[in-house]
Every structure is written in C-alpha cells, then in structure tokens.
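Beneath this line is the structure, given in structure tokens, with notes to follow.
Protein chains: 2
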Amino acid sequence: MSLRGALLGLLSAEPMSGYDLNRILDETFGYVWTAPHSQIYPALRQMEREGLIQADVQRTGERERRVYRVLDAGFDYLRKWAAEPVIYSGERDAAHLKASMMHLLSLDECEALFWAHLSYFRQRVAIWETRIEAIESGRSTILRARLKTMDPKDHAKLIAFKLCSYEGSVMRARAEIEWAERGLSTVASLRSAEASAELGEAEPSATRAGRREMTKTATAVSKR
Amino acid sequence: MSLRGALLGLLSAEPMSGYDLNRILDETFGYVWTAPHSQIYPALRQMEREGLIQADVQRTGERERRVYRVLDAGFDYLRKWAAEPVIYSGERDAAHLKASMMHLLSLDECEALFWAHLSYFRQRVAIWETRIEAIESGRSTILRARLKTMDPKDHAKLIAFKLCSYEGSVMRARAEIEWAERGLSTVASLRSAEASAELGEAEPSATRAGRREMTKTATAVSKR
DNA sequence: ACATACATGTAATGCGTTACATGATTAC
DNA sequence: GTAATCATGTAACGCATTACATGTATGT
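So the protein sequences, as listed, match chains R and X. For the first sequence, this note's numbering assigns the number 30 to the initial residue and increments by one for each residue that follows. For the second sequence, this note's numbering assigns the number 30 to the initial residue and increments by one for each residue that follows.
This is the structure in structure tokens:
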C-alpha cells in the first residue's frame, strides 16, 4: 500500500497534520504520489489504530489539530515497504493512449493535445527545479528538519538520494517535453504536406505526394 | 473512460474478440493502457448494448467467439474521446516514491531497486523498438489492416503518428533507464565514501561507532 | 460582513485487481 | 490422456474520485 508509504515518509521528516500532508501532496509531492484528503484522513486514523503513528492533539481555541508523529513500528513498516521490490504493472497513460489514435483527429486537435502536454510538463520541471535548488542551497525547511533528526554521517546519503529522486522526476518530465515537441513538429510536417498536396492537385502535373521526407521538401519549397 | 478508448482504438484497426484484445493488452499495447479480461468482457458487452460496437458470433464446433466490430456511433465516440483534453492528475509512481525514501535503506537495497528499474525499462525499450521496426518496414499486420480501410491520402498521417506515439514510449523508458543508471552511480559513490570514512575513523581514534551501516564495514574488515 | 485559509471528517460511486468458475479445442 | 491455449464470463474486495458536510480562525 503505497499511500501509507507516502504518508509515513512525509511524517518521518517532521510531525504533521492531515491538512499539512494534503497541502504537500497537492503541491510538490503530488507529482510523485497523489491522494485527496478523503483518503488521507481515514488512512491516518487507521495507521494510528495499528500503532504506526500517534496523534498529538493541539487545540487553538475550539479548533482541533491532530499532529501525527511516526512511532517505531511505523518506521519499521516504512523501511520494510520501501525495500520491497516495485511491482511494475502496465501503464495507464491517457496522453500516450490518445496519441496512438491521433490519425483520427484533425491536425489542429493533435496540436492542441501536444501543446497541453508540453505546458503541463514544463510547469512540472519548473516546480522540481525550484525544489532541487532549495535542497542544494539548504533553503528547504523539510530537509533541514530531516537532517536535524539524523546521524550527521548519513547526511550525505539523504541529500544524494533526495537530489537523485527529484532529478528522476525532472528527467522524465523532460522526456515528455521532448516528445511533445517532436509531436508538434510531426504535426507541422503533415500540415505542410497537406498544403502542398492540395497545391499539387490544383496544378496539372504533380503525382500523389510522398510521405514523411516529403514534408521537409514541402516547407523548403513553400519558403521560396 | 479511457478503457473504452483503448478498446475501440484497437477494434477500429480490425474486428477482434475480447480474448484477442486481452492478448494485445498483455503484450505490447499494455505499456500504454492495461486491463485484465475481467474488465474487458463487461466493457465490450456494455458498449454493445449502447450501440458502439457489434459482435459477430463465430462458432467453431461448440465454442463461441464474439468478434466485435466498431459501428459508426463507436467511431464518433472514439474520435470525440481522443480529441478531449487530457486531465493531468498527479502521478502515482511507486518506484519514484520509494526512491524518495532511499535514505532509510541500505545501499544494497537501493542498488537492488535501481537494478530492477533498469531491467524493466530496458525490456520495454526492446519491445517498443521491435514494434517501431515492424512499422517502418511494413511488417506490422495490424498496421497493414488499418491502412487497408483508410483513404490512401491519410496513410502518411497514420504512420507518422504511430511512430510518434511509440517513440514517445521509448523516450520515456530511456529517461527511466538514465535515471536508474544515475541512481546506481550515486550508490557507488556513497559506498566508496562510506568505505573511506570508516578507514579514516578506524585508524586514529574510533569515535562513537555508527549503527546499521557499521555491520557491513565489520564484514569488510574481517575479510582483511 | 465576507472571503479565505484552517481543519476534519463521511458517503456514494466507479475503476481496478484478484480470485473464482467453466468449458472446448488442439498439439504432443 | 494431459497440458496448453482458446474463450468467456462473475464476484468480492480494495483503492480512488467526487460530492456532501461542518465548523473555526484570521485578515480585509
């Protein structure tokens, strides 16, 4: 159960409330694992019942705030879960699925899909890079909280793996960006091929235009 | 509902049975969208009831085989679904999630996780590249089936987008491979840092000895 | 006064996984 | 005859999404 892993992992850095966890998952961390609050609160209660975490209830006037901290059993659970091999089941990616059916769409529609993909992952890269800089420069409060509770000799390990993990997200997002860019240039080529095919049909000679490589020629020709 | 998109998309290339669809999803196509047969059969029945597809029942002796083909309403549905903007909700990636907690693990455990990641995505790249070659050389039977039912003027579009989509999968898998390699080299450098730190500490004064990681040192030292 | 952020929950519904269940054909 | 492949389903359970529900503190 990865939700527990995510929650315990965040709580292990610093005790937090369900509300805090939800905020973090909504912002940066959600790009690794998401969950809505309707999943978070019951999961926390359940883990509390199982003795993995414990809530320290804080009251601000009438308002109740349950700040959870990880117990020893919780650390054991987290470590065990993290070390278990990942089960790689097939993907479920709507963007790539739709891309595999783009021949059904107009070039404008294809372009819109690729553009949306591009913008989304550009945003993600920006967010992750900000995080990476925060870690490298020591401005990350959550990292500092983690370092305080750790044996100094493990600091290098923590920082190295945090950076590695965030860089992984950046690398993947960059791959998506590159792909979307390639998609856009595919659309552009097809568009100019279409245009020249129409011209060719209007003119007398022009045989049925070729395929891929033709597109480059077409753009070159249209620039003349 | 993307499952419908995936099923209609495959059926639009060529009429098929639920069993065939399941096989394709298990093999290559599952790396874009997976579903077990327990999801496929009911979904097909439902779409048949809604008039999106129609089954031609074939009998081999006693055995019944329901070959579904896409009706006009199904094509409309598919086109509409494919053109809709993708809803990018947060990720849920166990591998990256675990990576973000690797400071809790031994270097051996980290290495094992990265290795598994590497092998998995290397396999995927191999599968996709085989598919790409099949398309480029015209050996893909499903592509040929699709081309037969299409206006020749759209052939270039189909091929271009198929290649683009498969290349997207390869690009992403390559990013995962690169990341895992970087992870492995992070492990390697931490390992040698650990080794030299222990040497440094063992010789002059032996301050308060570490905990977990110390065990490995002990074995290493005892081998000397 | 009103909006926004803080704070925590429950319920209904839908999607996905695993297990259960059955039987016919084909190749060895 | 027996194992593998073909072929189609149902059921139980768990995870995920969306909507419902409530109330407090704080800043403008």
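Even for Gly, the Cβ is constructed at its ideal location relative to N, Cα and C.
Backbone secondary structure at E223(X) - three-state DSSP: helix
Residue closest to K191(X), alpha-carbon to alpha-carbon, out of R121(R), L134(R) and Y195(R): L134(R)
Between the CA atoms of Q87(R) and S148(X) - distance to the nearest angstrom: 48 angstroms
Which bits of chain X does S198(R) rub up against, with CB to CB less than 7 angstroms? H125
Mind pulling the beta strand (DSSP E) runs of 3 or more residues that sit fully within the region 66-123 of chain X? 82-89 and 92-99
For the region 50-71 of chain R, which residues have a beta carbon sitting closer than 9 angstroms to at least one beta carbon of chain X? L54, D55, F58, G59, Y60, V61, W62, T63 and A64
Contact check, L40(X) vs Y106(X) under 8 angstroms by CB: the rounded distance? Between Y106(X) and L40(X) the Cβ distance is about 12 angstroms, and since that is not below 8 angstroms, they are no contact.
Starting from Y149(R), follow the alpha helix (DSSP H) in both directions and report where the run begins and ends. L136 to E165
Under a Cβ-count criterion, where at least 16 other Cβ atoms within 10 Å of its own Cβ denotes burial, should S198(X) be classed as buried or exposed? buried
With 16 other Cβ atoms within 10 Å as the buried cut-off, status of L228(X): exposed
Measuring only between beta-carbons, confirm whether W144(X) sits less than 7 angstroms from chain R. no
With DSSP collapsed to three states, give me the class of S46(X). strand
Below 7 angstroms CB to CB, which residues in the same chain sit around L172(X) once its five sequence neighbours on both sides are set aside? I164 and K191
Among P65(R), M179(R), R121(R) and Y60(R), which has the Cα closest to the Cα of Y48(R)? P65(R)
When DSSP builds the beta bridges, which residues end up paired with W208(R)? DSSP output for W208(R) lists no bridge partner at all.
Would you call the region 181-195 of chain R in contact with the region 209-223 of chain X, where contact means no fewer than 3 C-beta pairs closer than 8 angstroms? yes
Contacts of G256(X) in chain R (Cβ-Cβ under 7 angstroms): Because chain X in this structure spans residues 30 to 253, residue 256(X) falls outside the shown range and cannot be described.
Exposure of K109(R), with buried meaning 16 or more beta-carbon neighbours within 10 Å: exposed
Contact between the region 120-140 of chain X and the region 69-84 of chain R is defined here as three or more beta-carbon pairs at a separation below 8 angstroms; is this criterion met? no
For the region 170-193 of chain X, list every residue whose C-beta sits within 9 angstroms of some C-beta in chain R, in sequence order. R175, M179, P181, K182, D183, H184, A185, K186, L187, I188, A189, F190, K191, L192 and C193
Take T57(R) and list the residues in its own chain whose beta-carbon comes closer than 8 angstroms to its own, dropping the five residues that flank it on each side. I156, W157 and R160
Can you tell me which of D101(X), M200(X), A224(X) and L54(X) puts its alpha carbon nearest to the alpha carbon of I206(R)? M200(X)
Anything in chain X within Cβ reach of R74(R), meaning under 7 angstroms, just list it in chain order. In chain order: nothing, as chain X lies at least about 21 angstroms away.
Within the 7 angstroms Cβ cut-off, does Y48(R) reach chain X? no
Of all the CB atoms in chain X, is at least one closer than 7 angstroms to the CB of E165(R)? no
Range covered by the alpha helix (DSSP H) that runs through A174(X): T170 to K177
Just the C-alpha distance for G38(X) and S194(X), rounded to the nearest angstrom, thanks. 14 angstroms
Taking beta-carbon pairs under 9 angstroms, can you tell me which members of the region 77-110 of chain X lie near chain R? F104, L107, R108 and W110
Shorter than 7 angstroms from the beta carbon of R201(X) to some beta carbon of chain R? yes
In whole angstroms, give me the CA-to-CA distance for G90(X) and E196(R). 58 angstroms
Buried or exposed, going by whether 16 or more other CB atoms sit within 10 Å of the CB of G80(R)? exposed
Might you give, ordered along the chain, the residues of its own chain that have their beta carbon closer than 7 angstroms to the beta carbon of L50(R), omitting 5 neighbours on each side? L36, L39 and I69
Residues in the same chain with beta-carbon distance under 8 angstroms from E43(R), minus the five sequence neighbours each way, listed in chain order, please. I171, A174 and R175
Beta carbons nearer than 8 angstroms to chain X: which residues of the region 206-226 of chain R have them? E207, W208, R211, G212, T215, S218, L219, A222 and A226
Using CA coordinates, which residue listed in Q152(X), F104(X), A224(X) and V154(X) is at the minimum distance from R33(X)? F104(X)
In chain order, what residues of the region 126-141 of chain R put their CB closer than 9 angstroms to some CB of chain X? L126, K127, A128, S129, M130, M131, H132, L133, L134, S135, L136, E138, C139 and A141
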